[in-house]
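Note that the UniProt record's numbering has the sequence shown beginning at 1, numbered continuously upward. The next block holds one structure in the form of structure tokens; read it before the comments.
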Amino acid sequence: MPKKKTGQRKKADKQKERQKGIRSGNTEKPLPERPCNFVMVRFNIIPYGSFSRPNFLPPSQRVGADIEECDQCRRIQKNRAFCYFCAAVQRLPVCAQCGKQKCMAKMGDCVIKHSGQFTTGLGMVGAVCDFCEAWVCHGRKCLTTHACTCPLQDAVCTECQREVWSHGGRVFKCSYCMKFLCEDDQFEHQASCQQLDTESFKCKCASCNRLGQFSCMRCKVCFCDDHVKRKGFKYVRGQPIPCPKCNFDTQETKDMSINSE
Numbered sequence: 001m002p003k004k005k006t007g008q009r010k011k012a013d014k015q016k017e018r019q020k021g022i023r024s025g026n027t028e029k030p031l032p033e034r035p036c037n038f039v040m041v042r043f044n045i046i047p048y049g050s051f052s053r054p055n056f057l058p059p060s061q062r063v064g065a066d067i068e069e070c071d072q073c074r075r076i077q078k079n080r081a082f083c084y085f086c087a088a089v090q091r092l093p094v095c096a097q098c099g100k101q102k103c104m105a106k107m108g109d110c111v112i113k114h115s116g117q118f119t120t121g122l123g124m125v126g127a128v129c130d131f132c133e134a135w136v137c138h139g140r141k142c143l144t145t146h147a148c149t150c151p152l153q154d155a156v157c158t159e160c161q162r163e164v165w166s167h168g169g170r171v172f173k174c175s176y177c178m179k180f181l182c183e184d185d186q187f188e189h190q191a192s193c194q195q196l197d198t199e200s201f202k203c204k205c206a207s208c209n210r211l212g213q214f215s216c217m218r219c220k221v222c223f224c225d226d227h228v229k230r231k232g233f234k235y236v237r238g239q240p241i242p243c244p245k246c247n248f249d250t251q252e253t254k255d256m257s258i259n260s261e
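Put into structure tokens, the structure is as follows:
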């Protein structure tokens with residue numbers, strides 16, 4: 001028989017799981033708050049007490065700052081290495097991985113050593129990402145990890161089928177079907193996405209007349225608690241039940257604001 005875990009061992013395992021979740025929390029940021037999907041702004045150094053604070057923050061952290069866009073054409077767009085409209089290089093680029101605009105690491109993992117001085121502008125960058133079209137700083141960690149973990153690798157708008165290189169705006173995800181959307185089709189798609197393809201909320205199975213307690217917003221159908229589960233499939237306790245058709249996570253119908261045809 002396996003050795004029974006003591007209370008101290010169970011407590012250590014739970015703490016290890018919590019620390020693992022905290023460490024992986026950076027990869028689960030909302031898409032608009034990722035540095036590669038920021039709004040490109042012109043950097044104005046604003047006095048803030050005894051130090052200066054850069055005016056390049058996520059939308060949730062912008063407080064009373066004067067937002068300006070491209071240095072040359074003043075057009076609104078996402079964080080890019082080159083302006084989408086006038087192809088101008090930004091004066092102070094921002095790293096698409098860590099979000100910094102000034103490298104202050106004197107003895108860090110920088111590929112280009114700059115001991116004793118801080119670097120900004122093109123002296124800080126090391127590459128351009130092929131997926132998000134944004135600068136990546138010359139830190140070894142950012143250069144080796146950003147291309148593999150870039151959230152805009154498959155960012156093709158589900159409405160207009162445009163990728164990041166084909167439009168100048170930011171990229172979002174639908175809160176219902178979790179598909180990529182461009183800035184032009186964001187609100188129009190989400191308004192039409194919260195509707196089922198059936199005439200009622202009944203289960204999709206033809207032989208079942210029960211109301212669907214779980215809904216898949218990609219297939220736009222409902223399932224009862226019996227037909228949402230498949231035989232031979234192992235379900236994880238506490239995790240959303242995947243759709244039996246497309247394997248997308250289902251949600252409880254009562255928790256969503258959806259309607260039928």
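Just so you know, even glycine gets a beta-carbon here, dropped at the ideal spot from N, CA and C.
Buried or exposed by the 16-neighbour rule on C-beta atoms within 10 Å, applied to residue i
{"i": "Ile46", "result": "Note that Ile46 scores a pLDDT of 43, beneath 50, so its modelled location is shaky and nothing firm can be said."}
{"i": "Ala134", "result": "buried"}
{"i": "Asn79", "result": "buried"}
{"i": "Thr6", "result": "exposed"}
{"i": "Asn209", "result": "exposed"}
{"i": "Gly49", "result": "Here Gly49 scores only 42 on pLDDT, less than 50, and its place in the model should not be relied on; the value that follows carries that caveat. Classification of Gly49: exposed, given that the 10 Å Cβ count is below 16."}
{"i": "Gln90", "result": "buried"}
{"i": "Thr250", "result": "buried"}
{"i": "Arg34", "result": "buried"}
{"i": "Arg62", "result": "Because Arg62 sits at a pLDDT of 46, beneath the cut-off of 50, its placement in the model cannot be relied upon, and the following sentence gives the value as read from the coordinates. Exposed is the call here."}
{"i": "Phe214", "result": "buried"}
{"i": "Leu122", "result": "exposed"}
{"i": "Cys222", "result": "buried"}
{"i": "Asp66", "result": "Legend: pLDDT at Asp66 = 41, less than 50; position of this residue unreliable, no value from coordinates given."}
{"i": "Phe118", "result": "exposed"}
Reference residue i; option with closest CA among the options
{"i": "Ser192", "options": "Cys174, Thr144 and Gly123", "result": "Cys174"}
{"i": "Gln97", "options": "Phe82, Thr120 and Thr149", "result": "Thr149"}
{"i": "Val164", "options": "Gly126, Leu181 and Cys103", "result": "Leu181"}
{"i": "Asp130", "options": "Ala81, Lys202 and Phe223", "result": "Ala81"}
{"i": "Gly99", "options": "Thr120, Phe172 and Thr253", "result": "Thr120"}
{"i": "Cys216", "options": "Ala206, Lys202 and Ser207", "result": "Lys202"}
{"i": "Gly212", "options": "Lys231, Arg9 and Asp255", "result": "Asp255"}
{"i": "Gln195", "options": "Lys20, Glu17, Ile258 and Cys103", "result": "Ile258"}
{"i": "Cys246", "options": "Ala127, Lys220 and Lys102", "result": "Lys220"}
For residue i, the residue or residues it bridges with in DSSP
{"i": "Trp135", "result": "Val128"}
{"i": "Pro242", "result": "Asp249"}
{"i": "Thr6", "result": "Answer by DSSP bridge pairing: none, since Thr6 is not bridged."}
{"i": "residue 262", "result": "In the structure displayed, the chain extends from 1 to 261; residue 262 sits before or after that span and is not available."}
{"i": "Leu181", "result": "Phe172"}
Range covered by the alpha helix (DSSP H) that runs through residue i
{"i": "Lys141", "result": "Arg140 to Thr149"}
{"i": "Phe201", "result": "Looking at the DSSP string, Phe201 is not in any alpha helix (DSSP H), and its letter there is neither H nor E."}
{"i": "Phe172", "result": "Looking at the DSSP string, Phe172 is not in any alpha helix (DSSP H); the run it does join, the beta strand (DSSP E), is Val171 to Lys173."}
Pair within 8 Å by beta-carbon distance, residue i and residue j
{"i": "Cys177", "j": "Arg218", "result": "yes"}
{"i": "Cys95", "j": "Val136", "result": "yes"}
{"i": "Arg132", "j": "Cys36", "result": "One detail in the question is off: residue 132 reads as Cys in this sequence, not Arg. In this structure, Cys36 lies closer than 8 Å to Cys132 by Cβ."}
{"i": "Leu143", "j": "Val171", "result": "no"}
Residue i - containing beta strand (DSSP E), residue span
{"i": "Phe214", "result": "Phe214 to Cys216"}
{"i": "Phe85", "result": "Run containing Phe85: none; DSSP gives neither H nor E here."}
{"i": "Phe233", "result": "Run containing Phe233: none; DSSP gives neither H nor E here."}
{"i": "Cys222", "result": "Val221 to Phe223"}
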